Amino acid sequence: MFRVVVGLVLLNGIWFIWSHRFLPLTDYPDWLYEGYLLSRMMRGHPMPHFALKAYPVPNAWATVLLGGLDLAISPESAGKLVLTVVVVLFALSSIYLLKSLHASERSAFMYVPLLFVFNTFLFAGELSYLWGLVFFFGYCGYLIRRRKDLNSISGWFYFGTSLVTFLAHLLPYMMAIGVTAIFALGERNPRFVRKVTVAFAPTIAMTIWYAAARFNTEHLAATNLWVPWTVHMIAGSSLGSFSPFPEFLPWLGIDRPIMSAAAVLDLLTAITIVGIWTMCALVWIRGQRRDEIVLVAAAALAAGFLAGGSGSAGLVNPGERFLYPATWLALCWLGGAWQTGPFPRGAHLARAALCALLVAQAIFLDLYAGAAARGLEDLYAQLRAAPSRQAFCSTYEDYRRRSYGTSGRRGLDRFLPDHGTSARLPYYMYIEDRAAAPIFTSGIFRYDGPGDNEDLCK
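Under our numbering, residues 6 to 463 are what the sequence shown spells out, in order.
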């Protein structure tokens, strides 16, 4: 039953990816464009105003994948292929991690990751972070399965994993260091400590190099190095991360049929997922304390959520990136420790409820996210047909304003995470026209031309 559900969820997601030209993933067009830039550079035809940074960059993985594929297929096809692979691997690596302590496929906990295959970070278009999670989940799952003989694992495995995770995204890499350190303390084997220290040393040196270069070149000294959470912000991040139904502005609003129900389901889902930590505490108090090292690692990542804050060194909501990894590790431990649970009759009800949510999410993805994708097609046609720069910017700025105009929201619509769809839609046009445009400063390219990628009409 579980494997059938996994297959159906992934097939529906893959169909959604390939059935629309423009997907409602906020930052995705920028990454497509950067992959295109890299492919031109590899062909010997670099674009003006762009140069590779002279230091290692953690956000390199997605760009390198897209650029390499662009040598053989179109940028848009390359993007959809990368999205397909990362969606499938996110689900499979999550399941691999959750099964590391021999949790049964009949456990309701196994269904939770499926509900977040199309998660808030995917809709935000954060390809690098998602690849980082794929590597991190696989790495943690392997460590847990070999937890009784960690020293037998080759140092090359630790080095290779640290390298690909670093190149994917800095935060999953830092989490991998933290989890490894916790396991090393539990191992209490000086030889193992030396092995992992040597294995991680090259990427730690790369991280220091990256941090120093970015601090000097991107003027981070003038920014707030750490912005603390407020209670309201913690609640908002938790709701946004664990909501299966986002609001796609400007095409979807609370007045659409189903959106009020979606808001209620978002709130209930987020509360339930956060409640997993209460379940962990209850099971631990009942004396089921095997493999506590996994629970300690989960708690450490939960602490990382609070310590990361809502902003740090130019990063937006870095603490939020700890929510999925911490929760997945908690689910892994809970699935192994709570084999039957104090409420065995509730297991069938929980599975049925999660399957019903998955069906609702599939319908939402096809109908409502599909409506947002079709809205992007209409917007792109208007932008492409604009007779002048003034007409282009008028259409574009009106869309941007409506996409982020969330003031005055009342009642249930406050429980629908805002999603601006894609203010970076013009990057498709820049690829077609082979035009230079401003890009993210966090990628592998330096850009010294005019403009601002937050507002492409500047």
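The C-beta atom is built at its ideal place from N, Cα and C for all residues, glycine as well.
Only a predicted model underlies this, so the values are computations on that prediction, with no experimental measurement involved.
query	result
L28 versus P195 - alpha carbon distance	50 angstroms
Whole-number beta carbon distance between S315 and V184, since they are thought to touch under 8 angstroms	Wrong, their Cβ atoms sit about 23 angstroms apart, outside the cutoff.
Exposure label - N156; buried when at least 16 CB within 10 Å	exposed
Heavy atom of the ligand SAM within 6 angstroms of A65 beta-carbon	This structure simply doesn't include the ligand SAM, nor any ligand for that matter.
With 16 other Cβ atoms within 10 Å as the buried cut-off, status of V92	buried
Whole-angstrom distance between L328 and R111, CA atom to CA atom	24 angstroms
Rounded separation between L384 and F310 - CA only	37 angstroms
Counterpart residues of D457 in DSSP-defined beta bridges	D460
Where the beta strand (DSSP E) through Y409 begins and ends	No beta strand (DSSP E) holds Y409; DSSP gives it neither H nor E.
Residue range of the beta strand (DSSP E) that includes R451	F450 to Y452
Beta-bridge pairing of D423 - partner residues as DSSP gives them	E252
For P249 and D5, the rounded distance between their alpha carbons	Outside the shown range of the chain, which is 6 to 463, sits residue 5, and nothing can be said about it.
C-beta neighbour in chain C for V169, strict 7 angstroms	Although the question refers to chain C, the structure presented lacks it and comprises just one protein chain.
Element boundaries [alpha helix (DSSP H), containing L272]	M264 to V279
Three CB pairs or more closer than 8 angstroms across the region 436-456 and the region 397-408	no
Alpha-carbon spacing of I149 relative to A302, whole angstroms	11 angstroms
For L88, the first and last residue of its enclosing alpha helix (DSSP H)	P80 to L103
Distance between beta carbons of D75 and Y41, contact taken as under 8 angstroms	6 angstroms
Cβ-Cβ distance between N64 and G448 below 7 angstroms	yes
Range of the contiguous beta strand (DSSP E) that encloses L57	F55 to L57
Helix, strand or coil at R295 according to DSSP, with G and I counted as helix	coil
Buried or exposed by the 16-neighbour rule on C-beta atoms within 10 Å, applied to G292	exposed
Contact the region 272-291 vs the region 158-170: 3+ CB pairs below 8 angstroms	no
Cα-Cα separation between Y178 and P392, rounded to whole angstroms	47 angstroms
Short Cβ contact (7 angstroms threshold) for R356 with A113	yes
Residue environment, D35, which counts as buried when at least 16 other CB atoms sit within 10 Å	buried
7 angstroms Cβ cutoff met for A331 and L306	yes
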